[in-house]
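Under our numbering, the first residue of the sequence shown is numbered 154, with each subsequent residue one higher. The C-beta atom is built at its ideal place from N, Cα and C for all residues, glycine as well.
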Amino acid sequence: MAVNKCIKYLLFFFNLLFWISGCIILGVSIYLKVSKDGNQITNESLPGIDLMIAIGVIIMVLGFLGCCGAIKENRCMLLMFFVSLLVIFILLLAAGILGAVGEKKVKDWVKERLEKFTPLSKQPQGVKDDLEKLQRELKCCGLVNGPGDWEKIPDSCRCNATDTDCNNSKVYSTTCSARIITLMEKNMEVVIGIAFAIATLLIFGMVFAMILYCQIGRKDSVSTNA
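Structure, rendered in structure tokens:
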């Protein structure tokens with residue numbers, strides 16, 4: 154019994170794109186990691202770059218396994234590829250469930266990470282500069298405790314009476330930690346959409362890999378019996 158060439162090459166090109174995507178994610182992540190323009194505060198509260206590096210490496214390895222397994226008709230590689238996709242699919246599903254159930258815990262975790270930078274008076278100038286930059290961008294003041302985090306309230310906390318969350322002292326009343334958490338919540342829909350797309354690709358990858366795995370097994374069995 155011959156192996157279906159269509160499925161074989163579909164799986165190969167699927168994994169080639171998978172591998173190229175991993176290379177791009179890894180390259181961009183490393184560039185962002187070594188870049189000096191990163192904000193220490195957002196890097197601490199949203200450590201997404203390290204996660205992106207890990208994802209890039211995993212995707213590259215899986216893409217390589219899938220490509221080699223498909224083009225060489227190697228059952229061992231295809232089985233490893235299938236099991237890896239299955240594990241990632243289960244982890245993705247578990248992460249989605251935990252994220253939905255433990256939303257409050259995520260918020261508390263972010264606040265805990267940000268509390269490392271208080272009191273601001275004991276932090277290096279670089280951290281203070283990063284916070285001021287964040288205050289201008291997000292229209293907030295202070296990190297965890299509001300304006301009270303500062304010994305002397307900087308100009309970046311000042312606001313116009315027409316601005317949202319501007320108090321009687323013409324200072325933003327919302328903390329930057331609250332703004333960061335709000336941004337996380339707004340981006341959750343995008344993250345869920347990406348996770349759903351990845352899960353769909355994983356299912357297709359697993360189906361193609363298992364079909365090819367079984368066809369190679371039948372072909373080997375026929376060859377042995379002949």
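Classification of residue i by the beta-carbon crowding that lies within 10 angstroms, buried from 16 upward
i	result
GLY175	buried
ALA331	buried
THR328	buried
CYS293	buried
ALA247	exposed
SER322	exposed
TRP303	buried
ILE178	buried
GLY346	exposed
Proximity winner among the options, relative to residue i (alpha-carbon distances)
i	options	result
SER326	MET337, ILE206, CYS312, LEU336	CYS312
ILE333	VAL280, LYS158, LEU296	LEU296
LEU231	PHE242, GLY216, LEU267, ILE243	GLY216
ILE211	SER274, TRP172, PRO272, ALA352	TRP172
VAL240	LEU355, LEU163, LEU170	LEU355
ILE206	CYS229, GLY219, LEU218, GLY180	GLY180
GLY358	GLY301, GLY346, GLY219, GLY209	GLY219
LEU170	GLY209, TYR184, LYS158	GLY209
ALA223	GLU290, SER274, ASN168, PRO277	ASN168
Per DSSP, cross-strand counterpart(s) of residue i
i	result
VAL324	ARG311
CYS319	TYR325
Rounded C-alpha distance that separates residue i from residue j
i	j	result
GLY279	PHE270	11 Å
LYS286	GLN368	59 Å
SER182	LEU267	23 Å
ASP318	THR353	42 Å
LEU163	LYS225	14 Å
LYS158	CYS229	19 Å
PRO277	LEU336	26 Å
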